[in-house]
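Report on the following structure.
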Amino acid sequence: MTKRAHVVDLADLGSETLSLAGVFAPGEIDFSGDDLEQADVLEWRASVEGQTGGARFAGELRTTVRLRCVRCVSPLQRPLEGKFDLFFERRESELFRDRDEIELDASDTATAFLAGTELALDQVMHEQVVLALPMKPLCDPSCRGLCAGCGANLNLGPCACPARPNNPAFEPLLELKKRLERGRAD
Ligand SMILES: [Zn+2]
Ligand SMILES: [Zn+2]
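If you count the sequence shown from 1, position 24 lands on 151 in this note's numbering, and the numbers rise without skipping.
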């Protein structure tokens, strides 16, 4: 599969709607700056609809990503689905020249994916995957995280750190420990 297969040229698009679909294998989209790995193929389907001044690109994607738990940093794998509905401004040379004067606003971020009239789908899918990520991925809702003292993964059992008396969460534990020690001394 060539890079060209991942580009949609909006130049010849009239007012018709095209149905498109494709697949990105892991590695074809650059996620190196994103704290995630693409663990499976990314499948997308979308309709491209020519509209005044540009094209609407709407559809969905699904893939599987490898992330890290925000509490214990162990790797976890999650299916991911995203929906998108984007508008890309057609940048025909004479139109583009006229629009140089226009101030940039949020909608211009969409045009960043365009080189001339070609839509770079790897960049579009990259952004849509990042937008669909969970805010705080957890390996388990009850993940105990890492010990702040020694960095041990507390899901694997207690660590050897002394309990810190300042932490009220440890007080019942300390009381229990004292009781146990007294019992043993008797
Ligand atoms: Zn965790
Ligand atoms: Zn510890």
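Note that beta-carbon positions come from the ideal geometry of N, C-alpha and C, so glycine has one too. Small disclaimer: the values here were computed from a predicted structure and weren't measured.
Helix, strand or coil at residue i [DSSP, three-state]
i	result
residue 257	helix
residue 195	strand
residue 306	helix
residue 265	coil
For residue i, the residue or residues it bridges with in DSSP
i	result
residue 210	187
residue 109	Residue 109 lies beyond the stretch modelled for the chain, which goes from 128 to 313, so this question has no answer here.
residue 169	151
residue 136	245
residue 182	177, 215
residue 280	273
residue 202	195
residue 146	174
Rounded separation between residue i and residue j - CA only
i	j	result
residue 283	residue 271	9 Å
residue 252	residue 166	15 Å
residue 133	residue 168	14 Å
residue 146	residue 195	35 Å
residue 198	residue 137	44 Å
residue 255	residue 287	43 Å
Residue closest to residue i, alpha-carbon to alpha-carbon, out of the options
i	options	result
residue 183	144, 274, 289, 268	144
residue 213	189, 201, 207, 185	185
residue 257	281, 159, 142	159
residue 266	202, 285, 177, 279	202
residue 148	135, 156, 155, 140	135
residue 180	152, 142, 262	142
Residue i CB to nearest heavy atom of ligand 3 below 7 Å
i	result
residue 284	Ligand 3 is not part of this structure, which contains only ligand 1 and ligand 2.
* Residues with a Cβ closer than 5 Å to any heavy atom of ligand 1, in chain order? -> Spelled out in chain order, the answer is 196, 198, 199, 266, 270.
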